[in-house]
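Each remark here refers to the structure printed beneath this line.
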Amino acid sequence: MKKNNIFYACAAAALVFASCQKENTANNVDNALVPSSEMDVISAVVPQSKTTTLDGVNVLWENGDQIHLYTRTWNESTSKYAAGWCDYTTSLDAPSASASFVKDETNTATVDNTSGRYLAVHYKGATVNTQSRDYYAEITINKAQVAKNGGDFVSSLLYATSTDSQFTFAHAVSYLKFTVDQNTTPFTKLTVSAVNGSEVVVSRIRIDWSTESVTAAPFTGKSQDSNSMSVTTDDSEAFAPGTYYLAINPGTYADGLQFAFSNGVVEDVVTTPANIEMKAGDVANLGTVGSLNLDVEGPVLQLTSVYAEGGENQGVVFWVDPASPSKGKIVSGAVTNVAWGPAKDLSDAMDEYITSHTVVENHEYVKSASDYSEANYPAVYFCDNLPGGDWRLPSHDEQMQMFQTYWGLDALKESTNYNTDANSAAMNKFDSALAQCVADDPATDYVETKLNLGLEASTGSVMYWSGEGRAEALPNSRVYRVVFAPKFTFASYGNPSTVHYVRCVREVELQ
Numbered sequence: 117m118k119k120n121n122i123f124y125a126c127a128a129a130a131l132v133f134a135s136c137q138k139e140n141t142a143n144n145v146d147n148a149l150v151p152s153s154e155m156d157v158i159s160a161v162v163p164q165s166k167t168t169t170l171d172g173v174n175v176l177w178e179n180g181d182q183i184h185l186y187t188r189t190w191n192e193s194t195s196k197y198a199a200g201w202c203d204y205t206t207s208l209d210a211p212s213a214s215a216s217f218v219k220d221e222t223n224t225a226t227v228d229n230t231s232g233r234y235l236a237v238h239y240k241g242a243t244v245n246t247q248s249r250d251y252y253a254e255i256t257i258n259k260a261q262v263a264k265n266g267g268d269f270v271s272s273l274l275y276a277t278s279t280d281s282q283f284t285f286a287h288a289v290s291y292l293k294f295t296v297d298q299n300t301t302p303f304t305k306l307t308v309s310a311v312n313g314s315e316v317v318v319s320r321i322r323i324d325w326s327t328e329s330v331t332a333a334p335f336t337g338k339s340q341d342s343n344s345m346s347v348t349t350d351d352s353e354a355f356a357p358g359t360y361y362l363a364i365n366p367g368t369y370a371d372g373l374q375f376a377f378s379n380g381v382v383e384d385v386v387t388t389p390a391n392i393e394m395k396a397g398d399v400a401n402l403g404t405v406g407s408l409n410l411d412v413e414g415p416v417l418q419l420t421s422v423y424a425e426g427g428e429n430q431g432v433v434f435w436v437d438p439a440s441p442s443k444g445k446i447v448s449g450a451v452t453n454v455a456w457g458p459a460k461d462l463s464d465a466m467d468e469y470i471t472s473h474t475v476v477e478n479h480e481y482v483k484s485a486s487d488y489s490e491a492n493y494p495a496v497y498f499c500d501n502l503p504g505g506d507w508r509l510p511s512h513d514e515q516m517q518m519f520q521t522y523w524g525l526d527a528l529k530e531s532t533n534y535n536t537d538a539n540s541a542a543m544n545k546f547d548s549a550l551a552q553c554v555a556d557d558p559a560t561d562y563v564e565t566k567l568n569l570g571l572e573a574s575t576g577s578v579m580y581w582s583g584e585g586r587a588e589a590l591p592n593s594r595v596y597r598v599v600f601a602p603k604f605t606f607a608s609y610g611n612p613s614t615v616h617y618v619r620c621v622r623e624v625e626l627q
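Counting in the numbering used here, the sequence shown runs without a single skipped number right up to 627 at its last residue.
Quick look at the structure:
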């Protein structure tokens with residue numbers, strides 16, 4: 117066993133990296149090739165544990181775990197082979213170091229051995245990007261990971277090849293381990309990033325079994341590349357005592373890694389020394405997280421909490437000022453579906469003004485218009501007349517921050533679908549708070565108590581109006597709007613007479 121111990125002192129804790137390297141055992145091609153017809157039941161045998169990290173952990177196969185075998189089927193319509201996966205599931209009374217997995221009866225595809233072997237993968241907290249008829253697959257560890265609170269192997273990627281139904285898995289990624297105990301300062305999020313901004317923490321991992329030597333390695337240059345990844349809990353609460361494992365790319369981090377612990381208001385950042393080398397299967401042990409510098413003075417707003425004023429729930433906190441956490445912004449529970457303005461073409465003066473001023477200035481400018489009324493400017497009027505006062509349409513940046521908080525992310529990427537299981541904890545917490553501020557109206561065809569208005573990922577898009585415009589858009593379509601579900605886009609401009617949804621924002625401060 118190879119060990120590298122790296123100690124560093126910080127306000128948070130003393131964190132230790134213990135790197136353990138195990139020989140890759142994924143290749144098993146010495147036996148006679150078993151026919152695919154005999155592959156209805158397979159066995160997964162992994163020395164010591166499912167993780168095989170050699171750091172003392174004993175994470176075993178559990179009931180309901182799945183393994184996915186590669187398939188390759190001829191497609192008559194395209195005259196090409198189409199690659200896919202066949203699921204195998206285990207049924208266990210108790211966790212076990214080895215287990216049998218049974219083929220899903222609903223999957224009629226035949227597992228493929230035309231490469232001279234079978235490929236199996238097991239992954240968690242990861243997404244399959246592609247599988248090729250040319251015997252390779254690419255899988256990405258998710259940038260936003262969700263841990264089972266109380267301890268979890270949050271994400272992993274294992275692979276194995278075999279000529280028969282016996283599979284011995286190897287690691288395709290490296291791992292970070294940290295422990296929380298009763299003395300740990302409560303934190304709700306951990307963000308891991310490479311100090312060198314050009315280094316990639318998570319990307320596609322390409323598993324290639326097209327040649328005799330099976331390989332698994334980072335495959336960069338795609339949209340999945342990220343300099344950071346984060347983990348939160350499945351209940352969006354502070355991390356409970358337990359041990360947690362995260363997956364990152366193997367590689368050398370020349371300037372070290374950075375760990376940002378957050379309670380949703382402030383962060384305590386810890387940086388390792390330089391030249392951290394992580395191989396597939398290595399475990400970097402951060403140790404037990406101790407006292408974190410997350411204290412703030414005075415009252416503190418909490419993200420996704422309900423803000424009440426005068427005994428009435430006004431809205432949900434979506435942004436907290438890091439310099440003064442008693443200040444923040446809320447989004448209204450109240451929502452409507454109206455046009456922005458009176459006609460397709462705004463007046464030249466209005467058009468010029470809203471494309472060159474802030475949303476606060478735009479709100480007051482529209483209110484001062486001689487034809488200001490609910491009929492002529494319904495979106496602005498709706499915000500102007502909400503209880504509590506000082507409501508207005510959001511800016512584009514505020515909408516981005518709102519959606520980022522809603523999905524529990526550090527950053528947004530254009531045209532990415534975040535309406536997924538991986539982000540459900542953050543979404544559910546936000547919507548639960550929103551439901552305390554507004555009631556669902558059966559007379560509407562949307563769900564007021566959800567920020568995405570109840571639309572499923574397959575049904576289309578929700579567009580929200582903003583309070584600003586962009587001069588580079590066509591003259592009759594200069595009002596900014598944001599596509600929210602199932603995907604959002606950075607730049608979309610609308611014709612003012614088009615009907616879109618409206619939720620308003622206001623700045624608040626706890627006294």
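The beta-carbon is built from N, C-alpha and C at its ideal position, and this holds for glycine as well. Bear in mind the structure is a predicted one, so any value in this text is a computation, not a measurement.
- Residue pairing from DSSP places Pro334 in a beta bridge opposite Ile321.
- Per DSSP, the continuous beta strand (DSSP E) segment holding Ala199 begins and ends at 196-205.
- CA-CA distance, Thr474 to His616, rounds to 21 Å.
- For Cys620, the three-state secondary structure derived from DSSP is strand.
- A Cβ-Cβ separation of about 7 Å places Ala363 in contact with Gly241 under the 8 Å criterion.
- Cα atoms of Ile183 and Tyr497: separation of roughly 55 Å, rounded to the nearest angstrom.
- In the three-state DSSP reduction, Ser339 falls in the coil class, being neither helix nor strand.
- Gly504 and Val476 have their C-alpha atoms spaced approximately 16 Å apart.
- In the three-state scheme derived from DSSP, where H, G and I count as helix and E and B as strand, Met579 is classed as strand.
- The straight-line gap separating the alpha-carbon atoms of Asn391 and Ser290 is approximately 15 Å.
- DSSP lists Val308 as the bridge partner or partners of Met345.
- Taking C-alpha positions only, Leu528 is separated from Lys259 by approximately 11 Å.
- Separation of the CB atoms of Asp350 and Asn429 is rounded to 25 Å, and the pair is thereby denied contact status at 8 Å.
- Bridge partners of Tyr234 according to DSSP: Ser278.
- One thing to note: Leu176 has its Cβ no nearer than 9 Å to the Cβ of Pro302.
- Per DSSP, reduced to three states, the secondary structure at His473 is coil, with no helix or strand assignment.
- Rounded to the nearest angstrom, the gap between the Cα atoms of Gly585 and Tyr493 is 15 Å.
- Taking C-beta atoms as the reference points, Trp581 and Leu509 count as a pair closer than 9 Å.
- Closest in C-alpha terms to Asn179, from the list Arg188, Leu185, Ser207, Ala225, comes Ser207.
- Among the bridge pairs identified by DSSP, Tyr481 is matched with none.
- Beyond the five residues adjoining it in sequence on each side, Val316 comes within less than 8 Å, by CB distance, of Ala310, Pro334, Thr336, Asp341, Ser342, Asn343, Asn365, Gly367 in the same chain, given in chain order.
- DSSP places Ser216 in the strand class (E or B) of the three-state scheme.
- In this structure, DSSP gives Ser548 a helical state, which the three-state scheme calls helix.
- Here Lys483 is exposed. Its C-beta has fewer than 16 other C-beta atoms within 10 Å.
- Here the C-alpha atom of Ser378 lies approximately 6 Å from the C-alpha atom of Leu306.
- DSSP places Ser153 within a helical segment (H, G or I) once states are collapsed to three.
- When DSSP states are grouped into helix, strand and coil, Tyr361 belongs to the strand group.
- Bounds of any alpha helix (DSSP H) do not take in Tyr488, whose DSSP letter is neither H nor E.
- The Cβ atoms of Leu274 and His238 sit closer than 9 Å to each other.
- Note that the stretch 392-405 does not touch the stretch 413-423; fewer than 3 beta-carbon pairs, one per stretch, sit closer than 8 Å.
- Close CB contacts of Met345 within its chain, under the 6 Å cut and outside five residues either way in sequence, are with Lys259, Val308, Val317, Val318 (chain order).
- Apart from sequence neighbours up to five positions away, the residues of its chain that approach Glu623 with a beta-carbon distance below 6 Å are Lys445, ordered along the chain.
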